[in-house]
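Basically our numbering = 1-based index in the sequence shown + 201.
Even glycine gets a Cβ: it sits at the ideal position worked out from N, Cα and C.
On a predicted model such as this, the values are computed, not experimentally measured, just so you know.
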Amino acid sequence: MSLKVCEEARGEWTVLRVSGEMDLVTSPAVRQHVHDAVAEGRRSLVLDLSEVLFCDSSGVGVLIASRRLMRSCAGRLRLILPARGAEDGSHVNRVLAALGVRRLFDCYPDLPAATGETARAARPLSA
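Right, dumping it as structure tokens:
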């Protein structure tokens, strides 16, 4: 399976919707989209991972590098993991938790919560 990244603007937020598999071959595309957004001066970024079916260590590495990049430019990074992730564990949710790095990220159940379009945005999903 391949990876697809679609970009959209939601107010002050740039949303990158990622679908497919994040692996050694495909995850550099996500990294490039994040770098391009920062190079264009965007400092509020949401990575929507709700349609990611598989994520290996290289995909996790891209997420951690994206977090580091956003912090270095005083930016904000939020991840969307599906609401069901807290109950039955989405793949990305399980991988991040198993590696002990999920706590590093601000995770939200959906786009309105991640972009502050609902009152739920005040509280990220707990680990």
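| Item | Value |
| --- | --- |
| Three-way DSSP call (helix, strand, coil) for Ala287 in this model | Confidence at Ala287 is low in this model, with a pLDDT of 44, below 50, so its placement is unreliable and no value can be given for it. |
| Candidates Ser267, Trp214 and Leu282, of which the one nearest Val318 by Cα | According to the sequence displayed, residue 318 carries Glu and not Val. Closest option to Glu318, Cα to Cα, is Trp214. |
| Backbone CA spacing between Val216 and Glu208 [nearest angstrom] | 6 angstroms |
| Beta-ladder partner(s) of Val206, from DSSP | Val219 |
| Assigned secondary structure, Asp249 (DSSP; H/G/I helix, E/B strand, else coil) | strand |
| Rounded separation between His236 and Met271 - CA only | 9 angstroms |
| Span separating the alpha-carbon of Tyr309 from that of Arg279 | 7 angstroms |
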